[in-house]
Structure formats: C-alpha cells, structure tokens
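Visitor: Structure below; questions to follow.
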C-alpha cells in the first residue's frame, strides 16, 4: 500500500530470493568501504541490509546517512551464512541486498551513544523520544502491550465486559489528601480519579463482571523506584462471589495467562533484557499467607519485631517474596486478611475477626503489584462504615444507589501495569517501564531542570 | 466456581434437562398465583425462571422479592414451547424450573418504572447506577465494548502496537483555551490532555505503527447532543505513508471491521434498540469529497451560500451525509483537504494548494466521528509553523526531539468512541452512549441540581 508495495520486515522469511521494498528506521551502520551494512527496524522487526559496489548509489547512501534516518529500500532477500546467525535474533538468518536506498529525512547527529548500556534514568527520560527507539526500550514497550492484550483476553474469556470509567471525579471518593485538584467548568471543583473503584462496583449490578484499563492519578510525594503519580491500572470487579478467595482465583488465572503469553511471544525480548521468566508453581496454586502470620514469620526469621504493625514495609514485602520463592518455587505470593484500619471504607470485614478484612495483596518479586478483596454490598453497611470513618454519606449519594437497589456480594482488584512490566522484565525502576513519566520531578521534561545534559549511571553513582 | 458450581446463563443451551445453579439479578417478575416467573440476567444473558407449587419455597421467594434482587437459583433446564419463543431473544427457547431460590440482598423499591420507554436523559443519567441495568443500556454498553475490541483487533492485525499516553500534560500543546487546569505537585501548573497527539507521533519513531485508547478532556462549554467534556478517543498513528490517503485506507478497513463485528455479534441488541446496520458500500471504497467541492455542492443544492467558509457547520455535515447515503449507498463519507487555518499546527499542507491540508474528517450519519491526516515530519517545518502561529518552540522542546533525530512521513486519526456508539445504535444523544457523563451540567450528579426527581421525556417536552 504505502510506498509502492512496502512490505513488513516480519514477512521476510516468506520472501527468500525475492525482490522487496521495505521502509524503516536505521539503527546501527557499519561501513567497511567496499561494502556497508545497516540495521533497519519497522513495526515488526529488525533486519540487516547490505550494500556493495554492485549498487554504488545505495552504498553511498549507507556510507553517508546517520543513525535514525527513515529509509525506504529496495533489494533482494537472502539467507545469511549459518555461522553468522545469532539464534536470539528471530530475523538474524536473513538479510536484504540493496539495489536502492532512499532517505526520507536528514536527522541530526544523536546527542549521545544510544547503544550505551549505562545511560542514567534521567537521560533515558529527558530524551524519551529517541531513547524509546533503542532495541531495549522497544522490547520493554512491546512486552507491555502484550501484557495488556493478554489481560483483556483472559478476562473476556471469563465473561468480563470492558467499561470506560471516568477520570474527572467530583467528591473525593477514597478520602485522602492524595488527589490532584482539577478546575472544572464554571469553577466547579473536581479532582482526578485515584481508581475506577466506585464505577466498576456500580457496573457489577449491570454486567456482573467488568474490567477497566486506564490511567489513575495519585498526588503522592514519593521519590522511589516503585512510585508514579500517573500510572495505568488494570482493574476488574465481579459479582456473585462467596468471599475474596473467588477473586484471587480469577486473578491468579489471569496472571498465569499473562506470564504464559509474554514467555511464548517474547522469548527474544526476555533474552535481550536478561530477564528470567517468572517462577510459577506448576501443580499448586500461588502460595498465600495471612497477614498476621506473615508478621510472625518476619519477626521470627529476621529479628525485626513487626508484630502489631498495620501494614507491610517494603523490606517486609521483599523478604516475604524471597521466602515464597525458596519455599514454594513461586515469584508470586498472596498476602490476605490485612487489618481493616489500612483498607478503604468499602472493604468487607472478616466475620471471624472483624479487626481483619477479606482482602489481599499480590506480591511479585518483592513488590505489591495488585490489591483487592471482597467489598460491602448492602447499603446499611456502607452508611454505617462511612459514618464510622467520618465521611458524609450524602457525598456518596450517586454511588450508594447501586447498593440501595440491589447488589450481589462482589469483589475485585486493581493491578499496576508498570510495576508488573518492571518486575516481569527485571528493570531497576518502574520508570523504565513507563513511556512518559509523571513524578515528583518531571512531566516529560524535568520540572525544575538546571541542566539536561546527557548523564550516565556511572557518573551519577560517583556524584 | 463461586456459589457451589454457579454456571453462566450463556451455557444453558448445552444443559438441556440438567440441574443447574445460576446467579443473577432479577429483572421483571410475573406472579400468577399458582406459578410465578422472573427474568434473571448475568454476565452472559437473560433467562426465564419459573417456580410452581411443586417448589413452594421458591414460589414464595419469587412472589415476595423485588426487581433487582440478586438471586442464586437451583433448577432444571427446559426447552420452552415453540409458539412462545421470540426469535430475537437468543435464550428465549429455554427456561429454568426452579427447585430453590435464595435472595442475596433486599433491594428498595425502584424509584420509577425502569422499563419505561420515555425516561428523560436527565433521569437516565441521575440514576445511572440503576438505569445501566436496563436491557437497553446493557445492550448499548456491550456493543461499545465490542467496538473497542474490534478496533484493537483490526489494528493489531495490521502491526499496530498499543501505547499508554499520559493524561497530565505540561505545556498547552494544542494551544487553545479549552484545557482543564490541574494543580500538580509543588504547585506546578499542568493540564489535562486534549489528545494523545504528540505522544503517538513520538512513538512512530520507535514502533512505526501505534494506537491508543483512552480518555481525553475538552473544557468546551457546549450543551449539545454531540459534545462531552471527557470522552474516549480511539487514536492511531502510522509511519511511512505517502500522504493522508494511506491513513484513510487503514481507517476505512478498521471501521469496516468494527461494523462487521457489531453486526455479527449483536444482531439481537440492534433489534432491541431498533437500530439499522450501517450502510457500507460493498464493492467501492467509502466515498470521499474535497472540502471546497463539498461547499460548492451544499451551496448549489441547499441555497445556503457557504463558499469561503473555513469549516463545515453541523447542518452541512448532516446534509453531506444524506447526500452520500443517497448517491453512494454509504453511511460513511470522507471529507478531505480542510483549510489550513482550521487545522492544528502539525498538519501537512497540500503541496498543490497550501491554503488546504492533507487532512480528512470521517462523517457517519450526519456527525464527524473521526479526524486525521498527514503530519509534518521535519524539524524545520515545525519551527517555522510554530512561529507563524505565535507559539514558542521552546515549549515543544521535548516533542521536537522526535523530528530533529529523524522521523518518517506519518499520519493518523482520532475517533470518538461515544459518537461512533451513538450513531451505530441510532441514539438521540451521545450522552446515552456514555456511562458516566461529564458535561457542562454534571459530574455523575447534576452540578447545580435543584431537584433530582425522576422526569420523563414527555414531561420535559411539555415544559
């Protein structure tokens, strides 16, 4: 279609010995005088192109262009000699002998070596429009797209319907200082949603099983490798459950489906990133531990007395993950029955111990990636709980209709896409798994930048 | 799994004469004394349940519960007598003879007749948590989920990768007063994205073909049947195009795939809503008309002299749609080559007439549902255009990296999910196709409500 029959690089293996037109971006260039090579990437893969003196004009093009030149080429598909082929590169067995090469733009010289393995996170983000083009980053964000696709497919196979939850909200629903104020029309105060929670619960009454994928916003002043101020939440909510374990069972199936899809579609990306496939127990469900027992275990084994704590500290989550990996061969661990004081107002208490809740977190390689549980479903329970927590129920009038007019027992979860991507790929920071980071220091560019010179991780470590 | 082997209603046709446990919400109840019926719906469909004196306790339950009671039932699947079956109801051939029925909550009496066919839009939205449960609304939002799924599938089959575009943005990129201010951390001024435009362009340099589905925000003070202040935009962007017609060709394939999927999956919903399947030309592409010729045509046929206008008025779009339907048998019409003054700064001018652009709108049944075109791809063109329009290029420093370091010719579109849903289903207002409306009068609830008594369309028409 475009450019007179441009084909995709991914189709090359079906085109041996045939003429082909490709369009893509130049990455590395290797000029040996009589012959020159470049790596060309498009939507589907990367291929080596070669120009020799048989095609002097194409050779001259390869000898004069810069990396990241958009290039249209015409040539013949060849198999490469077997001893040169790297088995981790799916298209490494092929190359295109160029007859013609046409640059579509003249890019500036890259501001630093894009193939460098020690770019600092600040440089990665300051220059995201070009660092996103690195093989490493293309791999990360393709895997992320697969995670989302596998998430949706697993839920749709289980009769969940996608809903569109709004992001501008009125009342401060979850009740915290951590919301971003928005100035709505006619000066009406509003804020950005910290979660689609209330909307997905509402929709259980209509569609029984719903899911939502979308941005959520937290005005938290963290500066860690785990936090973002805008991130993508993978949410789901389901009706007709007996308790939170029904929700956990579906979440586990979904997570297993994601892991299987990433491992089967992206073994080359995992190899490129040096990431190990997640360890999942094969004939057992994900291990699960109750919160009070988790505290006992940590106290017993680490010497830190955490009994009576209302929540797990980051180091506790790391220790528990390591424990589950050693004991159960699992990179995933459910922690259940968190204390009610740390859980939101809509959380169902544990009838056997009302200081605890029918809730869970899912830990993955040391970090909480999902949180969920059973919710209250009767209006009178909401009214009592809201008053206990000092909320004015009239602020929740719209939402409370769902319970006044009949709701089944229900529950669900929210899962952070960037954390899941980070931990799946063994990345040092969640920001490496985020295309355009919003955090305490930046919205695309740094908010209070003194300088945005490229920096290297090693420099920063020395600073 | 949940509730001791609860099955889904959609599986009923495979369960003839078998015992089954179902969980769902009660809709209509019909009590005939010796026998009582209810319609029960779940994530997968609606089924009639019947209780007779053979099961006196189940009969008593059906005789005493209210609509929207969440109910778990046990019974035997039967085929219904053929003369009672409505062919538009996929599960109408089956019923479940109850042995047991257990209500899981005691809902309040509905505040108005939910089956009423003339609820006003205000009542529909004020009571969305329960009006979303109506068969009509469940059909609308299931079709909407299918539209999004078909959109993604069509693009993924064409090598587009999904990206996550941020919603909090810094500089006012598209340059207009129509943005919602957000108070970011440490008082940094920010706003809500009116489009993922800059981000999807950036990502063409990395992934060649990308798409994004997500909310966008427009602080426009419209009060029409076409406008929302928060809506879902179906975006895509692709590299290595020759001009805007390459983009139109892909958009047309995607729209055809959506129409085909909705018609094949939801014939019952279309029937319920009285919606006609969209007319698409079978052996021809979608018709297309250049903007100046469109103005001539309107002037010639309607007597209104619109020559020299910079844009199409809503009545012009309606007239053109009607013309395309009569002339080409198509509910879809491309209008191309809009004047540059009404198009954003990144728009590629038409080299044959620089007062016009390589741009298009897609009209569907009288409304613009998508807008797109070819973009500039060279840094110098951006710098010149930004200065011409009075922008400070340094505000766009981050984005401009994409062009400085090499970008292919590219283009794309944005399509409004709610408008597409509305027009596909023949709904009077885009708000009927929006679960939780944000407009000049409401965020969930009305912003300045005097009263939120239920009202009927007829009452409002009289007012």
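Protein chains in written order, with the working numbering: chain A, 20 to 482; chain B, 20 to 482.
From the three backbone atoms N, C-alpha and C, an ideal C-beta is built for every residue, glycine too.
Suppose you measure from the CA of residue 173 of chain A to the CA of residue 268 of chain A; what does that come to, to the nearest Å?
Guide: The alpha-carbon atoms of residue 173 of chain A and residue 268 of chain A are separated by roughly 13 angstroms.
Visitor: Using DSSP with H/G/I as helix, E/B as strand and the rest coil, what is residue 393 of chain A?
Guide: strand
Visitor: Taking the runs of the beta strand (DSSP E) that are 3 residues or longer, which of them lie wholly in the stretch 253-326 of chain A?
Guide: Here the runs fully enclosed are 307-309.
Visitor: Assess contact between the stretch 422-442 of chain A and the stretch 240-257 of chain A, defined as three or more Cβ pairs (one per stretch) separated by less than 8 angstroms. Is contact present?
Guide: Verdict: yes, contact present.
Visitor: Please report the straight-line C-alpha distance between residue 274 of chain B and residue 170 of chain B, rounded to a whole angstrom.
Guide: Straight-line spacing of the CA atoms in residue 274 of chain B and residue 170 of chain B works out to 8 angstroms.
Visitor: Could you tell me how far apart the beta carbons of residue 437 of chain A and residue 453 of chain A are, in whole angstroms, since I believe they sit closer than 8 angstroms?
Guide: 5 angstroms
Visitor: Just verifying my parser: in three-state terms, what is the DSSP assignment at residue 198 of chain A?
Guide: coil
Visitor: In the stretch 213-227 of chain A, which residues sit with their C-beta less than 8 angstroms from some C-beta in chain B, listed in chain order?
Guide: 218, 221, 222, 224, 225, 226, 227
Visitor: Counting along the chain, where does the beta strand (DSSP E) carrying residue 209 of chain B start and finish?
Guide: Looking at the DSSP string, the run of the beta strand (DSSP E) that includes residue 209 of chain B is 208-211.
Visitor: How many whole angstroms separate the CB atoms of residue 188 of chain A and residue 149 of chain B, which I take to be in contact at a CB cut-off of 8 angstroms?
Guide: Their Cβ separation, rounded to whole angstroms, is 20 angstroms, which puts residue 188 of chain A and residue 149 of chain B out of contact at 8 angstroms.
Visitor: Check whether the stretch 303-317 of chain B and the stretch 197-216 of chain B are in contact - that is, three or more C-beta pairs closer than 8 angstroms.
Guide: no
Visitor: At a Cβ cut of 9 angstroms, what residues of the stretch 393-420 of chain B count as close to chain A, listed as they run along the chain?
Guide: 396, 397, 398, 416, 417, 418, 419, 420
Visitor: My assumption, with CB atoms under 8 angstroms, is that residue 485 of chain A sits in contact with residue 138 of chain A. Please give the rounded CB distance.
Guide: As shown, chain A starts at 20 and ends at 482. That puts residue 485 of chain A outside it, with no answer to give.
Visitor: Identify which residue in B:100, B:335, B:426 has its Cα closest to the Cα of residue 85 of chain A.
Guide: B:426
Visitor: Alpha carbon to alpha carbon, how far is residue 455 of chain A from residue 50 of chain B?
Guide: Rounded to whole angstroms, residue 455 of chain A to residue 50 of chain B spans 59 angstroms at the Cα level.
Visitor: For the stretch 70-88 of chain A, list every residue whose C-beta sits within 7 angstroms of some C-beta in chain B, in sequence order.
Guide: For the stretch 70-88 of chain A, which is checked against every Cβ of chain B, the residues closer than 7 angstroms are 87, 88.
Visitor: Between which two residues does the beta strand (DSSP E) carrying residue 76 of chain A extend?
Guide: Segment 75-83 is the alpha helix (DSSP H) holding residue 76 of chain A; no beta strand (DSSP E) there.
Visitor: My output table needs one value for residue 94 of chain B: the three-state DSSP class, helix, strand or coil.
Guide: strand
Visitor: Within the same chain, show all residues whose beta-carbon is closer than 7 angstroms to that of residue 500 of chain A, passing over the 5 residues directly before and after it, in chain order.
Guide: With chain A covering 20 to 482 only, the question about residue 500 of chain A has no answer from this structure.
Visitor: Under DSSP, the alpha helix (DSSP H) around residue 512 of chain B begins and ends at which residues?
Guide: Outside the displayed span of chain B (20 to 482) sits residue 512 of chain B, for which this structure offers no information.
Visitor: Using a C-beta cutoff of 8 angstroms, does residue 365 of chain A count as contacting chain B?
Guide: no
Visitor: Identify each residue in the stretch 262-283 of chain B for which the Cβ-Cβ distance to at least one residue of chain A is less than 7 angstroms, and report them in chain order.
Guide: 265, 268
Visitor: Within 8 angstroms of any Cβ in chain A, is that where the Cβ of residue 463 of chain B sits?
Guide: yes
Visitor: Would you grab the beta carbon distance between residue 326 of chain B and residue 315 of chain B for me? Rounded to a whole angstrom, and I think it's under 8 angstroms.
Guide: 7 angstroms
Visitor: Using DSSP's beta-bridge definition, name the partner residues of residue 234 of chain B.
Guide: B:251
Visitor: On the DSSP bridge list, what partners appear for residue 60 of chain B?
Guide: B:44, B:65
Visitor: How many whole angstroms separate the CB atoms of residue 299 of chain A and residue 350 of chain A, which I take to be in contact at a CB cut-off of 8 angstroms?
Guide: 7 angstroms
Visitor: Using beta-carbon positions only, say whether residue 104 of chain B and residue 41 of chain B come within less than 8 angstroms of one another.
Guide: Not in contact: residue 104 of chain B and residue 41 of chain B (Cβ atoms no closer than 8 angstroms).
Visitor: Name, in chain order, the residues that DSSP records as bridge partners for residue 458 of chain A.
Guide: As a beta-bridge residue in DSSP terms, residue 458 of chain A pairs with A:461.
Visitor: Using a Cβ cut-off of 8 angstroms (strictly closer), state whether residue 285 of chain B contacts chain A.
Guide: no
Visitor: Would you verify that the beta carbon of residue 202 of chain A is, or is not, closer than 8 angstroms to some beta carbon of chain B?
Guide: Closer than 8 angstroms to the CB of residue 202 of chain A there is at least one CB belonging to chain B.
Visitor: I need the boundaries of the beta strand (DSSP E) containing residue 116 of chain A, first residue and last residue.
Guide: 113-122
Visitor: Quick check on the DSSP output: what are the complete alpha helix (DSSP H) runs of length 4 or more inside the stretch 322-369 of chain B, in order along the chain?
Guide: Listed in chain order, they are 333-347.
Visitor: If you follow the beta strand (DSSP E) that residue 539 of chain B is in, where does it begin and where does it stop?
Guide: Residue coverage of chain B in this structure runs from 20 to 482, which leaves residue 539 of chain B outside it and unanswerable.
Visitor: Quick one: what's got a C-beta closer than 8 angstroms to residue 161 of chain A's C-beta in the same chain, skipping five residues either side?
Guide: 285, 288
Visitor: Applying the 10 Å Cβ sphere with the 16-neighbour rule, what's the burial state of residue 441 of chain A?
Guide: buried
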